[in-house]
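Mapped onto the numbering used here, the consecutive letters of the sequence shown carry residue numbers 424 to 776. All remarks here apply to the structure that follows.
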Amino acid sequence: MKRTIVLLGTVLLLAVLVIGGGCERKVVIEQGDDLIASNNCFTCHGDEGILSAAKGEWQNSIHASGNNVDYTNRGGTDCTACHDHQGFLDFTSTGEVDSPYDMVSSIHCFTCHAPHTRGDLTLREIGPYTLINGDVFDHGAANLCVNCHHSRLSASSITADQSVNRYWGPHHGPQGDLLNASNGYEFAGYEYGNTGHANNFDNSGCIGCHMGNPRTHVGYKIGGHSFNMIDEESGATLVGVCETCHPEAEDYDIDGVQTEVAGLLVDLEALLFAAGIVDISGNTLTGTIADINVAGALFNYKMVEEDRSHGIHNPEYIIDLLESSIAYLESLGAKKLSPNGIAGLDMTPVSAH
Numbered sequence: 424m425k426r427t428i429v430l431l432g433t434v435l436l437l438a439v440l441v442i443g444g445g446c447e448r449k450v451v452i453e454q455g456d457d458l459i460a461s462n463n464c465f466t467c468h469g470d471e472g473i474l475s476a477a478k479g480e481w482q483n484s485i486h487a488s489g490n491n492v493d494y495t496n497r498g499g500t501d502c503t504a505c506h507d508h509q510g511f512l513d514f515t516s517t518g519e520v521d522s523p524y525d526m527v528s529s530i531h532c533f534t535c536h537a538p539h540t541r542g543d544l545t546l547r548e549i550g551p552y553t554l555i556n557g558d559v560f561d562h563g564a565a566n567l568c569v570n571c572h573h574s575r576l577s578a579s580s581i582t583a584d585q586s587v588n589r590y591w592g593p594h595h596g597p598q599g600d601l602l603n604a605s606n607g608y609e610f611a612g613y614e615y616g617n618t619g620h621a622n623n624f625d626n627s628g629c630i631g632c633h634m635g636n637p638r639t640h641v642g643y644k645i646g647g648h649s650f651n652m653i654d655e656e657s658g659a660t661l662v663g664v665c666e667t668c669h670p671e672a673e674d675y676d677i678d679g680v681q682t683e684v685a686g687l688l689v690d691l692e693a694l695l696f697a698a699g700i701v702d703i704s705g706n707t708l709t710g711t712i713a714d715i716n717v718a719g720a721l722f723n724y725k726m727v728e729e730d731r732s733h734g735i736h737n738p739e740y741i742i743d744l745l746e747s748s749i750a751y752l753e754s755l756g757a758k759k760l761s762p763n764g765i766a767g768l769d770m771t772p773v774s775a776h
């Protein structure tokens with residue numbers, strides 16, 4: 424009997440070590456009864472459930488891609504703060520990045536969630552985010568996204584005799600600014616609209632569309648933690664999220680918005696090319712732009728191009744930015760190379776990213 428008790432005690436001790444050893448901090452709670460309940464390692468680390476789906480989706484996201492991580496230890500803090508897990512944590516908590524990092528990793532689950540610290544899967548940081556121009560982005564969980572998905576340059580900082588090069592402009596992620604109808608270069612005397620897509624789905628900003636229909640789709644290449652709006656292989660989309668307001672929608676080119684934005688973007692590029700501001704590929708040429716409004720038109724071109732939603736994030740604001748930029752350049756006598764812009768440029772609308 425004594426031997427049986429000792430054996431059972433050993434088994435129980437091993438079980439506690441197995442369960443407790445895999446968890447950290449708040450996930451391990453002191454009450455033995457609670458440990459056996461739902462709040463244990465296997466709630467998250469089992470082989471079934473929504474976390475397996477989230478992992479599969481994430482593996483098909485840009486966040487998980489090797490190209491994304493390649494920017495980690497490049498010069499400056501901007502790259503590291505948004506291309507590396509530890510860089511993001513350092514920057515959002517201290518405002519500084521302690522790079523270069525010996526170990527680099529992609530943006531992954533624990534970049535946005537801290538279950539081993541908080542004891543649950545709530546987001547790390549969802550307070551309102553102040554954009555570079557001082558405007559506040561406040562759309563719930565999407566605030567976390569906009570820590571990275573925002574312009575790195577304020578339109579208000581553009582000056583006459585503006586020095587530019589191919590890297591000048593809002594950088595690769597101005598989605599938050601455009602959703603907010605903010606930080607475009609706005610020409611005097613022109614009124615700018617706001618479609619207000621950021622307010623849809625209970626003010627959810629990015630989340631309502633890019634994580635639309637979570638767990639109800641087929642496969643891991645669209646929606647959820649992939650954040651993809653289209654499966655490039657199958658062509659499947661999440662256009663269903665649009666149907667609440669646009670019941671007839673069959674693709675993202677709703678009311679021809681993407682077609683219109685593509686055409687305006689090509690026309691603006693053609694004018695900038697004719698003015699010697701960009702090359703045939705749309706890359707900014709190194710130099711100085713004397714006219715502040717011409718520099719502003721270039722900024723708007725880069726803003727919409729880098730957004731990559733082809734107008735969907737904020738159709739009214741984006742179209743107004745492009746039309747006002749084109750109108751100003753044409754008022755100076757600038758001419759497009761042809762009625763359809765630069766020959767060879769693809770005007771076909773593509774799906775929102």
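Just so you know, even glycine gets a beta-carbon here, dropped at the ideal spot from N, CA and C.
Rounded separation between residue i and residue j - CA only
i, j, result
"T495", "E746", "37 Å"
"I712", "G607", "18 Å"
"H620", "G628", "7 Å"
"Q509", "I485", "17 Å"
"C632", "S488", "21 Å"
"D625", "A672", "21 Å"
"A750", "S586", "23 Å"
"V559", "Y552", "6 Å"
"D493", "V727", "25 Å"
"A780", "G710", "The structure shown has nothing for residue 780, since the chain only spans 424 to 776."
"H825", "H536", "Since the first and last residues shown for the chain are 424 and 776, residue 825 lies out of range."
"C571", "C464", "31 Å"
"D376", "D730", "Here the chain covers residues 424 to 776 and nothing more, so residue 376 does not appear."
"S657", "G479", "17 Å"
"G642", "P593", "34 Å"
"C668", "L752", "35 Å"
"D543", "S475", "16 Å"
"F514", "G756", "46 Å"
"F533", "H562", "21 Å"
"G518", "S754", "43 Å"
"Y675", "D525", "42 Å"
"H531", "N622", "27 Å"
"T540", "A659", "37 Å"
"N588", "G663", "40 Å"
"C502", "Y615", "31 Å"
"E609", "A477", "40 Å"
"E666", "W481", "25 Å"
Cβ pair residue i, residue j closer than 7 Å
i, j, result
"L554", "S516", "no"
"L567", "L546", "yes"
"N491", "K644", "no"
"A564", "I473", "no"
"A504", "V520", "yes"
"T661", "G635", "Here residue 661 turns out to be Leu, not Thr, going by the sequence shown. A contact, by the Cβ cut-off of 7 Å."
"V684", "G734", "yes"
"S579", "N603", "no"
"G719", "I549", "no"
"I700", "A583", "no"
Simplified DSSP assignment, three categories, for residue i
i, result
"V662", "helix"
"L708", "coil"
"Q482", "coil"
"L546", "strand"
"S488", "coil"
"S577", "coil"
"T553", "strand"
"F511", "helix"
"I530", "coil"
"F560", "strand"
"I645", "coil"
"S522", "coil"
"S605", "coil"
"H468", "helix"
"S586", "strand"
"I630", "helix"
"I703", "coil"
Classification of residue i by the beta-carbon crowding that lies within 10 angstroms, buried from 16 upward
i, result
"D743", "buried"
"L601", "buried"
"Y613", "exposed"
"S732", "buried"
"L695", "buried"
"D654", "buried"
"V523", "Checking the sequence shown, residue 523 turns out to be Pro, not Val. Exposed, because fewer than 16 other Cβ atoms sit within 10 Å of the Cβ of P523."
"A611", "exposed"
"S748", "buried"
"Y590", "exposed"
"T618", "buried"
"P670", "exposed"
Kindly confirm or deny that the segment 722-740 and the segment 680-696 touch, where touching means at least three C-beta pairs closer than 8 Å. Yes, the segment 722-740 is in contact with the segment 680-696.
Taking contact to mean at least 3 C-beta pairs separated by less than 8 Å, is the segment 565-575 in contact with the segment 589-603? Result yes; three or more Cβ-Cβ pairs closer than 8 Å.
Are at least three pairs of beta-carbons, each pair with one atom in the segment 647-663 and one in the segment 690-707, less than 8 Å apart? In the pairwise beta carbon analysis, the segment 647-663 is classified as not touching the segment 690-707: fewer than three pairs are separated by under 8 Å.
Three or more C-beta pairs closer than 8 Å, one from the segment 719-726 and one from the segment 686-696: is that the case here? As far as the Cβ criterion goes, the segment 719-726 touches the segment 686-696, which means the pair count is three or higher.
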